[in-house]
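So the sequence shown is residues 1 to 223, counted in full-length UniProt numbering.
Shown next, in structure tokens, is the structure this report addresses.
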Amino acid sequence: MVNYDEDILISQKVDVNSEQTIEAQVLRIAVYDEFKAYETYSKIIEKFGAIHPFVNIKEAEAVHYSALMPLLQKYNVEVPVNDWALKVQVPKTYIECCELGVASEINNIAMYDHLILHTTQSDIKDTLYKLQAASYNNHLPAFRKCVLNHYNGINQGSSLNSVEDMMSKASEYQMLLEDIASGNMDQNKLTELFSKLNISMISGAGLGAALVAFINNYQENKE
């Protein structure tokens, strides 16, 4: 596989000018990201022990990349090398790991939006939809609960109750939001965002949905 393939895998963006077929790029990007999630959560377990929700989600990530393997075989696509065990850096604390989980799952959901948009094969699209749904409905809420429990203990005084409330505060931290809205999401930025938003009253499915909607709305307003 040629060297530019790594740029495609890391960027998680289909290159329409690439020599690789669209199907090959989509499948390789997807499985490479699932490898990353699996190795990241594995490393966290190695450091902190069999903590939840990482134990369950690690196993789910193995199911995810396994679901993609028959499609790579069907379309004669080479499986990318799983080199994430050498790249993963584990945060120092449990709450930082949970924040990393939130950021990773939000990026995963956005990645699948992009890949689905470029997918024409119905069997590939169906699988991507299922994997995205698992991240949105299961993995993101689990990590969100970790973060919510932590910040509930810190921010008991004030809170933001809706996407609209969040948007009204956007000007206070515009540079941070522009960075996140551009797709540059990581655990450190997420920590700062959560701290500024005082999210203690946003609970249940609302936190994951509200955060995604907030970032999307902010990006749309900037455009």
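Ideal Cβ placement from N, Cα and C applies to all residues, glycine included.
Query raised in the report: Could you give the uninterrupted runs of the alpha helix (DSSP H) lying entirely in the region 10 to 87, keeping only those of 4 residues or more?
Result: 22 to 48 and 54 to 74
Query raised in the report: Any idea if Tyr32 is buried or exposed, counting beta-carbon neighbours within 10 angstroms, 16 or more meaning buried?
Result: buried
Query raised in the report: Helix, strand or coil: which one does DSSP assign to Met201?
Result: Note on Met201: pLDDT 36, under 50, position unreliable in the model; no value is reported.
Report task. Mark Ser200 as exposed unless 16 or more other C-beta atoms lie within 10 angstroms of its C-beta, in which case mark it buried. Result -> Confidence at Ser200 is low in this model, with a pLDDT of 40, below 50, so the placement of that residue should be treated as unreliable; the coordinate-derived value is given next. So Ser200 ends up on the buried side.
Query - Spatial distance of Leu68 from Cys97 (CA atoms) - result: Rounded to whole angstroms, the gap between the alpha carbons of Leu68 and Cys97 is 26 angstroms.
Query raised in the report: According to the neighbour-count rule (16 or more other Cβ atoms, all chains shown, within 10 Å of its Cβ), is Asp113 buried or exposed?
Result: exposed
**Report entry** Own chain partners of Ser203 with C-beta closer than 7 angstroms, once the 5 adjacent residues on each side are dropped
**Finding:** Because Ser203 sits at a pLDDT of 40, beneath the cut-off of 50, its placement in the model cannot be relied upon, and the point is left open.
Requested in this report: Rounded to whole angstroms, what's the CA-CA distance from Lys13 to Ile29? Just pull it up for me.
Outcome: 8 angstroms
**Report entry** Residues of its chain near Ile109, where Cβ-Cβ distance is below 8 angstroms and the 5 sequence neighbours each way are ignored
**Finding:** Gln132, Ser135, Tyr136, Leu140 and Val212
Query raised in the report: Counting pairs of beta carbons, one from the region 15 to 26 and one from the region 86 to 102, are three or more of them closer than 8 angstroms?
Result: no
Query raised in the report: At which residue ranges does the region 88 to 143 contain complete alpha helix (DSSP H) runs of 4 or more residues, listed in the order of the chain?
Result: 94 to 118 and 122 to 134
**Report entry** Inter-residue Cα distance where the pair is Thr119 and Lys125
**Finding:** Each residue's CA atom was taken as its position, placing Thr119 and Lys125 some 6 angstroms apart.
Report task. Alpha carbon to alpha carbon, how far is Asp7 from Asn17? Give it in angstroms, no decimals. Result -> 13 angstroms
**Report entry** 8 angstroms CB neighbourhood of Met111 in its chain, flanking five on each side removed
**Finding:** Gln12, Ile29, Ala30 and Asp33
Query - Supposed contact pair Leu71 and Thr127 - C-beta distance, whole angstroms, cut 8 angstroms - result: Indeed they touch by this definition, with Cβ atoms about 6 angstroms apart.
Query raised in the report: Which value, in whole angstroms, describes the spacing of the CA atoms of Val163 and Glu105?
Result: Since pLDDT at Val163 reaches only 46, below the 50 mark, its modelled position is unreliable, and the value read off the structure follows with that caveat. Their Cα atoms are separated by approximately 19 angstroms.
**Report entry** Alpha-carbon to alpha-carbon, Tyr151 and Lys58
**Finding:** 24 angstroms
Requested in this report: Taking 9 angstroms as the cut-off, decide whether the C-beta atoms of Asn82 and Glu39 are in contact.
Outcome: Yes, Cβ-Cβ distance for Asn82 and Glu39 is below 9 angstroms.
Query - Cutoff 7 angstroms; reference Lys55; Cβ partners in own chain excluding five residues on either side - result: Before going on, a small fix: residue 55 reads as Val here, not Lys. Once the five neighbours on either side are set aside, the close Cβ partners of Val55 are Ile45.
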